[in-house]
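**Student:** My questions all concern the structure below.
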Amino acid sequence: MASKIFLSFFLIFNLYIITTTLADDYKRHNYTIYLWKNGRIPFKLDEYLSHKYKDIILESMNNFHQYTCIRFIPYESKYHHHHHHHIYYYTNIIKGKKFSTKPGVDKENYVTTVTLNLDEENGYRQRLRAITHELAHVVGLFHEHQRPDRDHYIKSIQETCSCTFLVNNKDWNCNPYKNVQYYNDYQQQWITTIDDKNTSKWFDDYFDMKSITYYPDCFIKIDSIRDEPIFYYELSLYDIKKIKKLYNCKRMQRSMNNNNKKKFIDFGQSVSVNFV
Numbered sequence: 001m002a003s004k005i006f007l008s009f010f011l012i013f014n015l016y017i018i019t020t021t022l023a024d025d026y027k028r029h030n031y032t033i034y035l036w037k038n039g040r041i042p043f044k045l046d047e048y049l050s051h052k053y054k055d056i057i058l059e060s061m062n063n064f065h066q067y068t069c070i071r072f073i074p075y076e077s078k079y080h081h082h083h084h085h086h087i088y089y090y091t092n093i094i095k096g097k098k099f100s101t102k103p104g105v106d107k108e109n110y111v112t113t114v115t116l117n118l119d120e121e122n123g124y125r126q127r128l129r130a131i132t133h134e135l136a137h138v139v140g141l142f143h144e145h146q147r148p149d150r151d152h153y154i155k156s157i158q159e160t161c162s163c164t165f166l167v168n169n170k171d172w173n174c175n176p177y178k179n180v181q182y183y184n185d186y187q188q189q190w191i192t193t194i195d196d197k198n199t200s201k202w203f204d205d206y207f208d209m210k211s212i213t214y215y216p217d218c219f220i221k222i223d224s225i226r227d228e229p230i231f232y233y234e235l236s237l238y239d240i241k242k243i244k245k246l247y248n249c250k251r252m253q254r255s256m257n258n259n260n261k262k263k264f265i266d267f268g269q270s271v272s273v274n275f276v
């Protein structure tokens, strides 16, 4: 009797492991990214980052303000109240032991958490790049090297790159997606589905090795000679173009100009920040 119970438990446990692994694999390679309402992203900044790195974080945010219709705005407690069953989402930027961000709105947890390990980055430009990389994920950009069609353009040199140091070596940030779906939750409509068949069209037949989301130390062009990686420290032209395309920035900008030119606040260095 005991052996049958043990066998049943063993089979159920293994089925759970297999099911969880398959579900995890599916999520890793089939991804839905939810966009922010009107491109407005409420954010909190923890006390440590606000004290030590506030200026450079705001500089990175203002790069998005300058070139796109995205606006990072200080979080207010009213955002967290539920009115008429509507949930407000926001971004929480915290100090951690790694760099990590889930692209777009985190609908499961209501909070998109940005983890920054800026103490480990040496130099202003390196820190600015790291922050802008993570904020690009907040906006909704995924890694350029995770495009479904990436194997047509680049090859992996992961043995010497940051991909090999990821938790459990699952290469979450390095393997290509099978498809990525963008969804505008507030307009209840799909923006696009990006897969191997239409990726090139969506990206204008261009692979952007200058993207702030690209890992230049992990990949090189197909048929190219391996050389020192070139890092870029700001949004690329195609990063900007992708953001404008996803958020329909021309339409949003016209609406902003017609209704209120100060609708989106460019707060520069004087923003007041709510501590977590």
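Per UniProt numbering, residue 1 is the first one in the sequence shown, and the count goes up by one each step. Using N, Cα and C, we set each Cβ at its ideal position, and we do this for glycine too. From a predicted model like this one, the values you see are computed outputs, not experimental measurements.
DSSP state of LYS155, grouped into three classes?
**Tutor:** Strand, per DSSP.
**Student:** Out of THR113, VAL139, ILE56, state which residue places its alpha-carbon closest to the alpha-carbon of LYS37.
**Tutor:** Comparing Cα positions, the closest option is VAL139.
**Student:** With LEU128 and ILE56 assumed to form a contact (beta carbons below 8 Å), what rounded beta-carbon distance in angstroms separates them?
**Tutor:** Their Cβ separation, rounded to whole angstroms, is 6 Å, which keeps LEU128 and ILE56 in contact under 8 Å.
**Student:** Could you tell me which residues DSSP pairs with PRO42 in its beta bridges?
**Tutor:** Paired residues: ILE73.
**Student:** What do you reckon, is the C-beta of VAL138 under 6 Å from a heavy atom of the ligand ZN?
**Tutor:** As for the ligand ZN, it is missing from this structure, which has no ligand bound.
**Student:** Pick helix, strand or coil for ILE212, following the three-state DSSP scheme.
**Tutor:** In the structure shown, ILE212 sits in coil (DSSP, three-state: anything other than H, G, I, E or B).
**Student:** Return the CA-CA distance between SER224 and PHE203, expressed in angstroms with no decimal places.
**Tutor:** Going by the C-alpha atoms only, they are around 22 Å apart.
**Student:** Taking only the alpha-carbon atoms, compute the straight-line gap between PRO74 and LEU58 and give it to the nearest angstrom.
**Tutor:** When rounded, the distance between both Cα atoms is 11 Å.
**Student:** Using the C-alpha atoms, what's the distance from HIS145 back to LYS242?
**Tutor:** If you take the alpha carbons of LYS242 and HIS145, they lie about 15 Å apart.
**Student:** Using only CA atoms, which one of LYS98, CYS69, ARG150 lies nearest to LYS244?
**Tutor:** Comparing Cα-Cα distances from LYS244 to each of LYS98, CYS69, ARG150, the minimum goes to CYS69.
**Student:** Using a Cβ-Cβ cutoff of less than 6 Å, which residues in the same chain neighbour ASP195 once the five nearest sequence positions on both sides are dropped?
**Tutor:** Once the five neighbours on either side are set aside, the close Cβ partners of ASP195 are PRO148, ASN179.
**Student:** Who are the Cβ neighbours of ILE157 in its own chain at under 7 Å, not counting the five residues just before and after it?
**Tutor:** Within the same chain, ILE157 has close Cβ partners CYS218, PHE219, ILE220, ARG226.
**Student:** Quick one: what does DSSP say ILE243 is sitting in, helix, strand or coil?
**Tutor:** Looking at ILE243 - three-state DSSP - the assignment turns out to be helix.
**Student:** Could you check the C-alpha separation between LYS98 and THR113 for me, to the nearest Å?
**Tutor:** The alpha-carbon atoms of LYS98 and THR113 are separated by roughly 12 Å.
**Student:** What span of residues does the beta strand (DSSP E) with VAL105 cover, start to end?
**Tutor:** No beta strand (DSSP E) contains VAL105, which DSSP labels as neither H nor E.
**Student:** Distance, Cα to Cα, GLY104 vs TYR238?
**Tutor:** Cα to Cα, GLY104 sits roughly 18 Å from TYR238.
**Student:** Inspect the beta-carbon positions of residue 278 and GLU121 and report whether they are closer than 7 Å.
**Tutor:** There is no way to answer for residue 278, as the model of the chain reaches only from 1 to 276.
**Student:** Quick one: measure Cβ to Cβ for TYR183 and ASN30, integer angstroms, because I've assumed they're closer than 8 Å.
**Tutor:** Wrong, their Cβ atoms sit about 13 Å apart, outside the cutoff.
**Student:** Can you tell me which of SER200, ASN198, GLN181, LYS201 puts its alpha carbon nearest to the alpha carbon of THR192?
**Tutor:** Checked all of SER200, ASN198, GLN181, LYS201; the closest Cα to THR192 is GLN181.
**Student:** Label GLU228 either buried or exposed according to how many other C-beta atoms from any shown protein chain fall within 10 Å of its C-beta, with 16 as the threshold for buried.
**Tutor:** Result: exposed.
**Student:** In whole angstroms, give me the CA-to-CA distance for SER236 and LEU45.
**Tutor:** About 25 Å.
**Student:** Based on the DSSP secondary-structure assignment, which residues constitute the bridge partners of VAL111?
**Tutor:** For VAL111, which the question treats as bridged, DSSP gives the partners TYR90.
**Student:** Can you tell me the Cα-Cα spacing of TYR67 and GLU134, whole angstroms?
**Tutor:** Those two C-alpha atoms are separated by around 17 Å.
**Student:** If we count the other Cβ atoms within 10 Å of its Cβ and call it buried at 16 or more, is TYR39 buried or exposed?
**Tutor:** Looking at the sequence itself, residue 39 is Gly, so the reference to Tyr does not match. So GLY39 ends up on the buried side.
**Student:** Would HIS152 pass as a contact of THR213 if the rule is Cβ separation under 7 Å?
**Tutor:** No. Outside cutoff.
**Student:** On the three-state DSSP scale, how would you describe ASP227?
**Tutor:** Of the three classes helix, strand and coil, the one that applies to ASP227 here is coil, per DSSP.
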